[in-house]
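Going down the list, the sequences are from chains A and B. In terms of this note's numbering, the first sequence opens at residue 5 and continues consecutively. In terms of this note's numbering, the second sequence opens at residue 446 and continues consecutively. Beta carbons are placed, not taken as given, at the ideal position from N, Cα and C, and that holds for glycine.
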Amino acid sequence: MADTSVSYKCLCCGAPLSFRPGAEKVTCEYCGTELEIKTVEEYYAQKEAAAAAAQAAKEAKWDTAAAGNEWEQQEAELMKAFTCSSCGAEIVCDANTMATECCYCGNPTMLPSRFSGMLKPDYIIPFKKTKEEAVAALKKFYEGKPLLPDAFTANNRVEAIQGMYVPFWLFDANIDAQGSYKASRSMVVDTGDAIMTSTSFYNCQRQGCMKFERIPVDGSVKMDDAFMESIEPFDYREMVPFATGYMAGYLADKYDVDADAAVLRADERINKSAELCLAQTVNGYDSVQPENDCAFVKGASGVHYAMVPVWILTTRYKDTPYTFMMNGQTGEVVGSLPIDESKLRNRMLMAFVITVVIAFGVLYSIL
Amino acid sequence: MKKLLIILTLVAALLLSAATALAATPSLVDKAHLLTASERAQVQAQLQTVEQKYSIRCAVVTMGSIGNAKPGIYANQLIDKVFNDGPNGNIVFLQVTDQRQWYISTDRKLKDVVVGIPGTEYISKAAVPYLKKGDEAGAYKTYAKRVDELMAYYQKHGKGWQPEKEFPWLAVVGALVAGVAVASAYKKSLIAAMSNVCREVSADAYLDQGSFNLENEHDTYLYTKVTSTPKPKQGHRGAGSVSTSSSDGGHGGGGGGY
């Protein structure tokens, strides 16, 4: 049976290939052979084409068989089976998986049928941070957190750590924005007997154009949007045209939030920025308040599909999983830590007592 | 300097007139002629009773005018130059009718008896209301009575009378409120430090800063709102309030208007 997946193996010794963060080339960890990304790309392009064709054939066959199976059609569409080209085991993954590793032999595995047509990303930001750096960054993230339970750090071990390329939409837009602001200017006069405050109010209309470049919006449903926006920004100068070689050794999903759905979030952020930008031009007043949402019209715009590197670290405390994510390029770690309630209580009590003593001393001397 | 000369001249005149009338300066000198003969006798008798009981000089002086002099300084001069022969101390109640001012001055000894504003207020809060009603004799008799009480208290306790301090409820409540506010704010900041997950509000990081171009700006005047906040009155102290502006190291007491 033809392989339905492709393992990136060393062209010299046949060992699994992994892309090392920060490297320009793909290096075989076993024989040390260095291979150009382009070379690997071209070599496996034919294999991928063959594998994709084989997968298409298999899916057609599998779908037919599934008609009489207990799986419902919706479930079957989500669950796809591939054959590991290294050990021959069947790998089951969801409909969005582009790259994974065999759960039996650990072999990094690409699923080329997922790269076809519109699904192929335009760009990829390669991993710069290693697994070891991710673990070290997480340990550092724990530092200086006064409410962190002692047991959490003492017994803590990272249960799972996965490097993953997350699909993102990058929006470019030239916009023409219009905003309305209510501004006021006050004048204070001392008449001797009273303080007279005269406040004049104005309506200020502003219109301007501006350009946004590559606003990122998470294209994956299963990745928490708050986490994904917290690990921003990425350094786009290191973004390169997409090549599957960079994904060797990492997990990857294709998008399941399409660009039309993602553009709503981009618009929200553009709107707020435009409002603030125009508000900065309302000068000479004591206070400025936006009257309503800023209206903007998009001119030239563009959307790019990119894969960005994220380390996902999972740990457990009192049977509750805690997930942290690290920007695989910049090393920014985000997450929420557990809180030791007794520590919180003690610190609040201490703050309360100190404040009461000082405040009483001050008030007693004044009153 | 000019004021001081005026005061000294006035005090000297008072001293001379008193000396020609009596061998020792009487404890009641009614230069403003506010009292009748019988009232004068009653007040004089009450002042003498206090003076003999405690071996102090307890005087009352009324003046129609002291020019532009301050009543406090004038009263201090009376203590220093006229009423200075009390073995256990001297105190004088001065009333100036054209200024509608009063002042109680003591020497260093009685400063320990009539302690600060509370001690002066103990006398004035009882006596000054009589001045307002035009009952000067009642005011002076009340003054003598209150001096008697303060002296008795001093002899019994060995220290001047001080009002009992009320429990500082306001300070306690204020401190508790401040404590709750600070503890709540501290809790909020501690909890916030445990998570750095938050959604981005804007796309400022992706705005090409050089691309912004303001194309149109138009400001329209809408309306004006005027508010007036009255200033607190200054220099109009209440009739019952006491000023110790003339109190110094050698003199105690205080005064005010009526």
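In this structure B:Phe612 is exposed. Its beta-carbon is surrounded by fewer than 16 other beta-carbon atoms within 10 angstroms. DSSP links A:Tyr250 through a beta bridge to no other residue. Ranked by Cα distance from A:Lys135, the options A:Ala158, A:Ala363, A:Met330 and A:Phe216 are led by A:Met330.
B:Gly700 sits away from B:Gly509, with the two beta carbons spaced by 8 angstroms or more. Closest option to A:Lys132, judged by alpha-carbon separation, among A:Lys215, A:Thr334, A:Val361 and A:Asn350: A:Thr334. Interface criterion not met: the Cβ of A:Met168 is under 8 angstroms from no Cβ in chain B. Linking A:Gln284 to A:Arg351 through their CA atoms gives a straight-line distance of about 41 angstroms. Look at the beta carbons and you see the segment 142–155 of chain A not touching the segment 278–292 of chain A: under three pairs across the two are nearer than 8 angstroms. The Cβ atoms of A:Gly183 and A:Glu279 sit closer than 8 angstroms to each other. For A:Ser22 and A:Tyr326, the gap between their C-alpha atoms comes out near 28 angstroms. A:Pro325 sits in a strand when the DSSP states are folded into three classes.
Less than 8 angstroms divides the Cβ of B:Ser472 from the Cβ of B:Gln489. Going by beta carbons, B:Gln491 and B:Ala589 fall inside the 8 angstroms limit. C-alpha of A:Thr324 to C-alpha of A:Glu163: approximately 12 angstroms in a straight line. A:Trp173: not part of any alpha helix (DSSP H); member of the beta strand (DSSP E) spanning Ala164 to Asp194, first to last residue. B:Glu496 is the residue among B:Lys604, B:Glu496 and B:Cys643 whose C-alpha sits nearest the C-alpha of B:Phe528. A Cβ of chain B is located within less than 8 angstroms of the beta carbon of A:Val360. The continuous alpha helix (DSSP H) containing B:Thr494 extends over residues Ala482 to Tyr499. Ranking B:Thr565, B:Pro532, B:Gly603 and B:Lys554 by CA distance to the CA of B:Tyr548 puts B:Thr565 first.
Around the CB of B:Ala626, fewer than 16 other CB atoms lie within 10 Å, so the residue is classed as exposed. In the three-state DSSP reduction, B:His663 falls in the strand class (E or B). Taking a Cβ-Cβ threshold of 8 angstroms, the residues of chain A close to B:Ala628 are Met352, Leu353, Ala355, Phe356 and Thr359, in chain order. Counted as a single uninterrupted DSSP element, the alpha helix (DSSP H) harbouring B:Leu635 occupies residues Trp614 to Ala637. B:Ala584 sits buried, since 16 or more C-beta atoms from the chains shown fall within 10 Å of its C-beta. Ranking A:Ala27, A:Glu45, A:Lys29 and A:Tyr34 by CA distance to the CA of A:Cys16 puts A:Tyr34 first. Non-local beta-carbon contacts of B:Asn533 in its own chain, meaning distances under 7 angstroms to residues more than five positions away in sequence, involve Tyr499, Ser500, Ile501 and Lys554 in chain order.
In this structure, DSSP gives B:Glu609 a state outside helix and strand, which the three-state scheme calls coil.
Those residues of the segment 328–341 of chain A placed with their C-beta closer than 7 angstroms to a C-beta in chain B are Val338, Gly339, Ser340 and Leu341, ordered along the chain.
Distance from the Cα of B:Ala477 is smallest, within the candidate group B:Thr494, B:Val541, B:Ala486 and B:Gln493, for B:Val541. Listed by position along chain A, the residues whose Cβ is nearer than 7 angstroms to that of B:Gly624 are Phe356, Thr359, Val360 and Ala363.
With 16 or more other Cβ atoms inside 10 Å of its own Cβ, A:Cys14 counts as buried. Taking the CA atoms as reference points, B:Asp530 sits about 12 angstroms from B:Leu523.
Here A:Pro342 has Leu152, Pro153, Phe156, Tyr321, Lys322, Thr324 and Tyr326 as same chain residues with Cβ atoms under 8 angstroms from its own Cβ, once five neighbours each way along the sequence are excluded. Under the DSSP assignment, A:Asn350 falls in the alpha helix (DSSP H) whose first and last residues are Glu345 to Ile370. If you draw a straight line from the Cα of A:Leu367 to the Cα of A:Ile358, it comes to about 14 angstroms. For the pair A:Val301 and A:Arg269, the CB atoms are not nearer than the 8 angstroms cut-off.
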